[in-house]
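Protein chains in written order, with the numbering used here: chain W, 131 to 240; chain X, 37 to 149.
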Amino acid sequence: DAKTTQPNSMESNEEEPVHLPCNHSTISGTDYIHWYRQLPSQGPEYVIHGLTSNVNNRMASLAIAEDRKSSTLILHRATLRDAAVYYCILRETSGSRLTFGEGTQLTVNP
Amino acid sequence: ETGVTQSPTHLIKTRGQQVTLRCSSQSGHNTVSWYQQALGQGPQFIFQYYREEENGRGNFPPRFSGLQFPNYSSELNVNALELDDSALYLCASSLYGAPITQYFGPGTRLTVL
Chain W
131 DAKTTQPNSM
141 ESNEEEPVHL
151 PCNHSTISGT
161 DYIHWYRQLP
171 SQGPEYVIHG
181 LTSNVNNRMA
191 SLAIAEDRKS
201 STLILHRATL
211 RDAAVYYCIL
221 RETSGSRLTF
231 GEGTQLTVNP
Chain X
37 ETGVTQSPTH
47 LIKTRGQQVT
57 LRCSSQSGHN
67 TVSWYQQALG
77 QGPQFIFQYY
87 REEENGRGNF
97 PPRFSGLQFP
107 NYSSELNVNA
117 LELDDSALYL
127 CASSLYGAPI
137 TQYFGPGTRL
147 TVL
């Protein structure tokens, strides 16, 4: 699986937007970009995924660079409940596994 | 819709023992994946089961084995436990195909003494 690079940690203030970056310079044309998050004492939770175009859902937005070598997860208004480890994962169209890195620990300050 | 459930929530074993962890998949899902998460690290893929057969395996020794049942529930068995097997074991269910979302259970915390 292609590798992703994320900052170890980021901080944000409550109700402010958060931009979580991910670099994936070795992405292949068939790799989807997935984001999961893991709240304390819980299993990972799906957030969003995309292939080429930017994507929006009720949880977040995913902005994908035109060359697909990087992407950004956008939380439009961070809440305390968004404090979690966020994982950026590349997944082959026919792949069976999710390959997690160490993710970004997001701290949200009140 | 029932989510992914795992049992037990916590387990303490001693080195050399065997352990069985259980997972019930989300309603309508036919594929189960197992992951091991050591403290402070991301989950690592152990294997996946589809149609009651192993469908992909990560870098784990044969003493890690699994089963999937006709109702799509699954077991993870670990023989000859080692201290390094202490971790959170996560089960994820999904529908076979791509690109698919995996839905994770809360995990089983295994401590090996």
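Backbone N, C-alpha and C fix where the C-beta goes; we use that ideal spot for every residue, glycine too.
Just the C-alpha distance for residue i and residue j, rounded to the nearest angstrom, thanks.
i	j	result
PRO151/W	VAL215/W	13 Å
LEU203/W	GLN53/X	43 Å
ALA193/W	SER155/W	15 Å
GLY92/X	ASN143/W	41 Å
TYR218/W	ALA116/X	The residue you asked about is not Tyr; residue 218/W is Cys in the sequence shown. Between CYS218/W and ALA116/X, the C-alpha separation is close to 34 Å.
ALA74/X	SER171/W	13 Å
ASP197/W	THR134/W	15 Å
THR237/W	GLY39/X	27 Å
GLU89/X	GLN138/X	18 Å
I believe residue i touches residue j by the beta-carbon criterion, under 8 Å. Please report the beta-carbon distance rounded to the nearest angstrom.
i	j	result
ILE178/W	ALA195/W	With a Cβ gap of about 16 Å, ILE178/W and ALA195/W do not count as contacting.
ARG58/X	GLU118/X	Actually they are not in contact, since the Cβ atoms of ARG58/X and GLU118/X sit about 21 Å apart, beyond 8 Å.
PHE81/X	LEU228/W	7 Å
GLU222/W	ASP161/W	6 Å
PHE140/X	LEU126/X	5 Å
GLY42/X	THR67/X	Before going on, a small fix: residue 42/X reads as Gln here, not Gly. With 8 Å as the limit, GLN42/X and THR67/X do not qualify as a contact, their Cβ atoms being about 16 Å apart.
So with CB distances below 8 Å, who are the chain X contacts of residue i?
i	result
PRO170/W	Neighbours of PRO170/W on chain X: none; closest Cβ ~11 Å, over 8 Å.
Residue i versus chain X: which residues are under 7 Å apart at the beta carbon?
i	result
GLU196/W	Here the premise fails: no neighbours, minimum Cβ distance about 20 Å.
GLY233/W	GLY78
Could you tell me whether the Cβ of residue i comes closer than 8 Å to any Cβ of chain W?
i	result
GLN138/X	yes
GLY102/X	no
SER61/X	no
GLN13/X	The structure shown has nothing for residue 13/X, since chain X only spans 37 to 149.
GLN53/X	no
Starting from residue i, find everything on chain W with Cβ-Cβ shorter than 9 Å and list it in chain order.
i	result
PHE81/X	SER226, ARG227, LEU228, THR229, PHE230
PRO142/X	SER171, GLN172, GLY173
LEU126/X	GLY173, PRO174
From the DSSP output, read off the bridge partner residues of residue i.
i	result
ALA128/X	SER69/X, PHE140/X
TYR166/W	TYR176/W, TYR217/W
ALA193/W	THR202/W
ASP161/W	GLU222/W
Identify the contact partners of residue i in chain X, using a Cβ-Cβ distance below 9 Å as the criterion.
i	result
TYR217/W	GLY78, PRO79
Under 8 Å between beta-carbons, which chain W residues line up against residue i? List them in chain order, please.
i	result
SER69/X	SER226, ARG227, LEU228
Check whether the Cβ of residue i sits closer than 7 Å to any heavy atom of the ligand GDP, and report yes or no.
i	result
HIS46/X	In the structure shown, the ligand GDP is absent, as is every other ligand, since no ligand is present at all.
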